[in-house]
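Under the numbering used here, the first residue of the sequence shown carries the number 4, and numbering increases by one thereafter.
Single-structure report; data block below.
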Amino acid sequence: LRYHFLAARTLGHSLPVINGCEQAEGEDRRASILRCDMNTETVVFEVDATRCYPDQARCTRYIRRLVMDKAHGRLEVTDSFEFEDELSVETAIITGHPVELHPGAALIAGPDARLQVVPSPGSHIREVQRLAYSDHSGRAAHVQRIVLAPRHPSRQATIGYRIQNPEAVTTPPSPT
Numbered sequence: 004l005r006y007h008f009l010a011a012r013t014l015g016h017s018l019p020v021i022n023g024c025e026q027a028e029g030e031d032r033r034a035s036i037l038r039c040d041m042n043t044e045t046v047v048f049e050v051d052a053t054r055c056y057p058d059q060a061r062c063t064r065y066i067r068r069l070v071m072d073k074a075h076g077r078l079e080v081t082d083s084f085e086f087e088d089e090l091s092v093e094t095a096i097i098t099g100h101p102v103e104l105h106p107g108a109a110l111i112a113g114p115d116a117r118l119q120v121v122p123s124p125g126s127h128i129r130e131v132q133r134l135a136y137s138d139h140s141g142r143a144a145h146v147q148r149i150v151l152a153p154r155h156p157s158r159q160a161t162i163g164y165r166i167q168n169p170e171a172v173t174t175p176p177s178p179t
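Structure representation (structure tokens):
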């Protein structure tokens with residue numbers, strides 16, 4: 004019953020949905036850390052989250068890589084997948100703030116700041132969904148779900164994006 008609530012399930016988090024499957028529950032469904040490097044300029048964090056998804060996802064490998072560029076205030080997220088067959092995959096960014104779509108980017112407008120979401124080459128913003136849920140007090144609430152997908156699905160797919168200050172210079176994601 005817990006996973007019927009948006010806040011407890013994959014759809015309510017900035018996570019992929021693989022072949023229509025959300026992450027599975029259970030002790031054996033955890034990710035393993037592959038890399039965690041920190042220095043004064045960057046943080047690189049990488050996990051293998053393949054085991055987090057059920058067998059029905061037919062995903063043989065899922066690696067999430069986060070690169071925080073502290074000097075430029077930029078976060079790059081890359082989800083890399085390998086599948087048994089060519090399947091559908093999407094990842095998302097969840098926000099409680101309004102989202103504006105622009106050519107090649109989305110703008111998240113908070114009360115005190117704005118953030119720009121820029122898809123990596125080979126990825127695109129497919130849509131913005133508005134999802135309703137009941138908050139902890141039982142009041143009706145909603146979030147925006149920015150859905151990103153690969154431009155060309157295949158047995159090996161990558162979805163990437165950069166979150167940055169919209170005034171930042173637009174540069175391709177780093178290969179770090």
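Even glycine gets a Cβ: it sits at the ideal position worked out from N, Cα and C.
>> Assuming the contact rule is C-beta atoms closer than 8 Å, Tyr-109 and Ile-97 should be a hit. Round their C-beta distance to whole Å, please.
In response: Translated into positions along the sequence shown, residue 109 becomes position 106. Translated into positions along the sequence shown, residue 97 becomes position 94. Checking the sequence shown, residue 109 turns out to be Ala, not Tyr. Contact flag wrong, Cβ pair sits at about 12 Å.
> According to DSSP, is Thr-53 helix, strand or coil?
Replying inline: Position 50 of the sequence shown holds residue 53. Of the three classes helix, strand and coil, the one that applies to Thr-53 here is helix, per DSSP.
>> Bridge partners for Glu-85 per DSSP, in chain order?
In response: Locating residue 85 in the sequence shown gives position 82, counting from the first residue. Answer is Arg-64, Gln-159, bridged to Glu-85.
> Can you give the Cα-Cα distance for Val-146 and His-100, rounded to whole angstroms?
Replying inline: As a first step, residue 146 is located in the sequence shown; it is residue number 143 there, counting from the start. As a first step, residue 100 is located in the sequence shown; it is residue number 97 there, counting from the start. Answer to the nearest angstrom: the Cα atoms are 7 Å apart.
>> Assuming Cys-39 is part of the beta strand (DSSP E), what are its boundary residues?
In response: Position 36 of the sequence shown, counted from the start, is the residue given in the question as residue 39. Where Cys-39 is concerned, the enclosing beta strand (DSSP E) stretches over 35–41.
> Tell me which same chain residues have a C-beta within less than 8 Å of the C-beta of Leu-37, skipping the five on either side of it?
Replying inline: For the purposes of this step, residue 37 is taken as residue 34 along the sequence shown, with counting starting at 1. Correct list, in chain order: Glu-49, Val-50, Asp-51, Ile-66.
> If you drop the 5 nearest sequence neighbours on each side, which residues of the same chain put their C-beta closer than 7 Å to that of Thr-45?
Replying inline: Along the sequence shown, one-based indexing puts residue 45 at 42. Only Val-70, Met-71, Asp-72, Lys-73, Thr-179 meet the Cβ criterion.
> Are the beta-carbon atoms belonging to Ser-126 and Pro-106 less than 8 Å from one another?
Replying inline: In the sequence shown, the residue the question calls residue 126 occupies position 123. In the sequence shown, the residue the question calls residue 106 occupies position 103. Going by C-beta atoms, Ser-126 is not nearer than 8 Å to Pro-106.
> Taking the DSSP output, what are the residues bridged to Leu-78?
Replying inline: Position 75 of the sequence shown, counting from 1, holds the residue named residue 78. Its beta-bridge partners are Met-71, Ile-166.
> Between Thr-63 and Glu-87, which are expected to be in contact by the criterion C-beta below 8 Å, what is the C-beta distance as a whole number of angstroms?
Replying inline: The residue labelled residue 63 in the question sits at position 60 within the sequence shown. The residue labelled residue 87 in the question sits at position 84 within the sequence shown. The pair is a contact, with the Cβ atoms about 6 Å apart (cut-off 8 Å).
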